[in-house]
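In terms of our numbering, the sequence shown opens at residue 1205 and continues consecutively.
Think of the CB as a built atom: it goes at the ideal place given N, C-alpha and C, for glycine as much as any other residue.
All values reported here derive from a predicted model rather than from experimental measurement.
Report on the following structure.
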Amino acid sequence: MNSQLRVPEPRPGILDIAPYVPGKSATGHATSFKLSSNESALGPSPEAIAAYRDVADTLHLYPDGSSAKLRAAIAERHGLHADHIVCGAGSDELLALLAHAYLGPGDEAIHTAHGFLVYPIAIRASGAVPVVAPEHALTASVDEILARVTPRTRMVFLANPNNPTGTYVPFDEVKRLHGALPERCLLVLDAAYAEYVRRNDYAAGVELVASAGNVVMTRTFSKAYGLAALRLGWAYCPAHVADALNRIRGPFNVNGPAIAAGVAAVRDQAHIDAAVAHNEEWLPWLSGRIAELGLEVTPSAGNFILVHFPAEESPEETTGAHAADAFLSRRGVVLRRMDSYGLPGALRASIGSEEANRALVAALQDFMSGTL
Ligand SMILES: Cc1ncc(COP(=O)(O)O)c(C=O)c1O
């Protein structure tokens, strides 16, 4: 054997992970509307942009490794204990840290069939086995999740509302799920889109985190707060979970400009109200217009919609999701293909600016009427 040809190998299972493919950015079209990553149509608060600029002169200094000001601002806004909040470089980092801290070889973690794709990546990266619970009508099913709990189950990931389907699980059902899970099993409630939800039977999960020892809620600044580029998220956890995460996270995992902008963003409630009001106006408008074109739209509680196209029988097909994606891209409208989510017949569209939403409907109308 020629030992010089040998290279270090990652742990078993790492190379089985399909890398996450983010939504496309540009089309090369003069006017481009990026509706592929559920970003905010309004962008960040002007206060957050100003705070970000203000720290430009101190980039040589390490940030506060405990994100204390940010945790205090979040705690004040939501009426939480700052000690139970852990901030991360996006909620993606917190999801990975949770898996890293609580899962290992021989363990299983459950996610739903069309759940957020970071879950299986985080689970496999920890050496554990992802177990998929089928959904009903593209919605997480508590019974299907519970049916897959075994003595090896250590974690359940539930995006609520879920990306990419936009569907949600009422809080009573979340409580039923929690009540039936073994105590050794951590329930991760990923509430990345919570700000947008306008449903009386929905709750992000604060109440459960506060009353149980095995529930964590994750949140993000990437969606309603419009700060996706800064990579900022937070988790609300029981003290013992916060302690575990704080032991393994990078000492300066949240950067200084993100902390500064995050503090200002949390305090600018008027901006969040405006972002939510925009969504309340355009989510039904976009869903309705697209349905009128004869396409099925999954009812969404978030800031995006899943649009279903007729099945493509051959690659030459011109009516399916792939053809629509190519057509829309040529018109400068970028949506997200859903093949990796097991939904090849669908495209996901963020609720964009008025101009973007109108451009999407106009382009889809032309696509449906065969105007190429
Ligand atoms: C359900 C869900 N959770 C978490 C995230 C990750 O957000 P962040 O930008 O905070 O890492 C996303 C982003 O698309 C998401 O859809």
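Curious, which full-length alpha helix (DSSP H) runs of at least 4 residues does the stretch 1445-1473 contain? 1460-1471
Host alpha helix (DSSP H) of Glu1558 (start-end): 1558-1572
Excluding the 5 residues flanking Leu1321 on each side, which residues of the same chain have their C-beta closer than 7 Å to its C-beta? Tyr1224, Ser1544, Tyr1545
How many Å lie between Asn1276 and Leu1547 at the Cα? Strictly speaking, residue 1276 in this sequence is Ala, with Asn absent from that position. Cα-Cα distance, rounded: 40 Å.
When we look at the beta-carbon of Ile1218 and count the other beta-carbons within 10 Å, is it buried (16 or more) or exposed? exposed
Using alpha carbons as the reference points, say which of His1382, Asp1394, Lys1379, Arg1471 lies closest to Asn1364. Asp1394
Taking contact to mean 3 or more Cβ pairs, one atom from each stretch, closer than 8 Å, check whether the stretch 1475-1485 and the stretch 1259-1277 are in contact. no
Output the distance between the C-alpha atoms of Gly1283 and Gly1556, rounded to the nearest integer angstrom. 31 Å
When DSSP labels each residue in this structure, what does Gly1437 get in the three-state scheme? strand
Identify the continuous alpha helix (DSSP H) that holds Ile1221 and give its terminal residues. It is not in any alpha helix (DSSP H) - Ile1221 carries neither H nor E in the DSSP assignment.
Between the C-alpha atoms of Ser1181 and Ala1317, what's the straight-line distance to the nearest angstrom? Residue 1181 is absent from the model: the chain starts at 1205 and stops at 1576.
Measuring only the C-alpha atoms, how far is Val1336 from Arg1356? 14 Å
Please classify Ser1345: does DSSP put it in a helix, a strand, or coil? coil
Is it true that the CB of Pro1368 sits closer than 9 Å to the CB of Ala1550? yes
Which of the three DSSP states is assigned to Trp1361 in this structure? First, the amino acid is wrong: residue 1361 is Phe here, not Trp. DSSP places Phe1361 in strand when its eight states are reduced to three.
Proximity below 9 Å, CB of Ala1428 to CB of Glu1399: yes
Bridge-paired residues (DSSP) for Pro1334: Ala1313
Heavy atoms of ligand 1 versus C-beta positions, residues under 6 Å: Asn1242, Gly1294, Ser1295, Asp1296, Phe1320, Ala1363, Asn1367, Asp1394, Ala1396, Thr1424, Ser1426, Ala1432, Gly1437
Return the chain-ordered list of same chain residues with a C-beta closer than 6 Å to the C-beta of Tyr1266, the five sequence neighbours on each side being excluded. Phe1456
What residues match up with Met1421 in a beta bridge as DSSP calls it? Leu1393, Tyr1440
Select from Arg1257, Leu1568, Cys1389 the residue whose C-alpha is nearest the C-alpha of Val1538. Leu1568
Determine the extent of the alpha helix (DSSP H) in which Gly1294 is found, giving its start and end residues. 1294-1306
Any idea if Arg1403 is buried or exposed, counting beta-carbon neighbours within 10 angstroms, 16 or more meaning buried? exposed
If you measure between the beta carbons of Ala1313 and Phe1237, is that distance less than 9 Å? no
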